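Participant:
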Amino acid sequence: MAAPSSSAPVTRLADARLYLCTDARPGGRDLADLEAFLDAALRGGVDVVQLRDRSLDTRDELALCEMVADVAGRHGALWAVNDRADVAQLTGAPVLHTGQDDLPVRAARSLVGPGVVLGRSTHDDAQAAAADADPDVDYFCVGPVWATPTKPGRPGVGLDLVRRVAASRPTTPWFAIGGIDADTVAEVAEAGATRVVVVRAITGADDPEAAARELRERLG
Numbered sequence: 000m001a002a003p004s005s006s007a008p009v010t011r012l013a014d015a016r017l018y019l020c021t022d023a024r025p026g027g028r029d030l031a032d033l034e035a036f037l038d039a040a041l042r043g044g045v046d047v048v049q050l051r052d053r054s055l056d057t058r059d060e061l062a063l064c065e066m067v068a069d070v071a072g073r074h075g076a077l078w079a080v081n082d083r084a085d086v087a088q089l090t091g092a093p094v095l096h097t098g099q100d101d102l103p104v105r106a107a108r109s110l111v112g113p114g115v116v117l118g119r120s121t122h123d124d125a126q127a128a129a130a131d132a133d134p135d136v137d138y139f140c141v142g143p144v145w146a147t148p149t150k151p152g153r154p155g156v157g158l159d160l161v162r163r164v165a166a167s168r169p170t171t172p173w174f175a176i177g178g179i180d181a182d183t184v185a186e187v188a189e190a191g192a193t194r195v196v197v198v199r200a201i202t203g204a205d206d207p208e209a210a211a212r213e214l215r216e217r218l219g
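First residue of the sequence shown: 0, per numbering that gives the first Met the number 0; consecutive thereafter.
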């Protein structure tokens, strides 16, 4: 188990390689198993964990955020709130991730303040360039590389976009996301991504600790 880190969240985010998004019942597990699942994934090498579950009402999300924060703290990892700047503000989350259809970056920053790491989803060259140029964006994600059921109706952007973003040499940390697993993570790394976000590659694994460790090893 990693020792808790005293580094600023933005510094820790820059050092992160493996980011996990999970719902409250990863891989169909019971809600009561979420804490054990997160412990295992973080032991395996996950650096950031985001609870992303739109089926939760606000009260339940707030309660689960307390648990996620405790688990992440035990492992010296970061944890993130998805979309909800109000939930991030209420829970003291170190990371808030926003999509293109969520609050504008400036509005999200005005709500959470300067100390929270702010992430942004991007799906094409222009969005990636805008995120890289925005002083309020601390990291961005590029994808989905491959179509994924977690984002129904959104086509994959392919590895070419990953290559182009890598070739542009962003000064902002960025992650590839979407359909990435142990069989494809090496391709993504070869395309130039040094950081990845995964969902089913860990949530769908029988052994989430081993799955996370394998992803870290194949990421290089």
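For glycine and all other residues, C-beta sits at the position ideal for the given N, C-alpha and C.
As the structure is a prediction and not an experimental result, all values here were calculated from the model.
Is the segment 29 to 40 in contact with the segment 59 to 68, if contact means three or more CB pairs nearer than 8 Å?
Facilitator: yes
Participant: Suppose the cutoff is 6 Å on Cβ atoms and the five residues either side in sequence are ignored; what does the same chain contact list for residue 204 look like?
Facilitator: 210
Participant: Closest to residue 85 by CA distance: which of 98, 201, 102, 14 is it?
Facilitator: For residue 85, the nearest C-alpha among the options comes from 102.
Participant: Where does residue 10 fall in DSSP's three states?
Facilitator: helix
Participant: If distances are taken between C-alpha atoms only, which option among 166, 190, 182 comes closest to residue 197?
Facilitator: 182
Participant: Leaving out five residues on either side along the sequence, give the residues of the same chain with a beta carbon under 7 Å from the beta carbon of residue 126.
Facilitator: 99
Participant: Is it buried or exposed for residue 30, if we count other Cβ within 10 angstroms and need 16 for buried?
Facilitator: exposed
Participant: For the alpha helix (DSSP H) containing residue 179, name the first residue and the last one.
Facilitator: That residue, residue 179, is in no alpha helix (DSSP H); it is neither H nor E in DSSP.
Participant: So the beta strand (DSSP E) residue 222 belongs to, where does it begin and stop?
Facilitator: Residue 222 is absent from the model: the chain starts at 0 and stops at 219.
Participant: Specify the secondary structure class of residue 149 as computed by DSSP and reduced to three states.
Facilitator: coil
Participant: Which residues bound the alpha helix (DSSP H) around residue 107?
Facilitator: 104 to 111
Participant: According to the neighbour-count rule (16 or more other Cβ atoms, all chains shown, within 10 Å of its Cβ), is residue 120 buried or exposed?
Facilitator: buried
Participant: Can you give the beta carbon distance from residue 76 to residue 201, rounded, assuming they're within the 8 Å contact cut?
Facilitator: With a Cβ gap of about 13 Å, residue 76 and residue 201 do not count as contacting.
Participant: Which one of 138, 214, 81, 95 has the shortest CA to CA distance from residue 173?
Facilitator: 138
Participant: What's the gap between the Cα of residue 56 and the Cα of residue 89?
Facilitator: Looking at the two C-alpha atoms, the distance is approximately 15 Å.
Participant: Which runs of the alpha helix (DSSP H), 4 residues or longer, sit entirely within the segment 73 to 97?
Facilitator: 84 to 90
Participant: Would you call residue 21 buried or exposed, if buried means 16 or more other Cβ atoms sit within 10 Å of its Cβ?
Facilitator: buried
Participant: Under a three-way DSSP split, which group does residue 170 fall into?
Facilitator: coil
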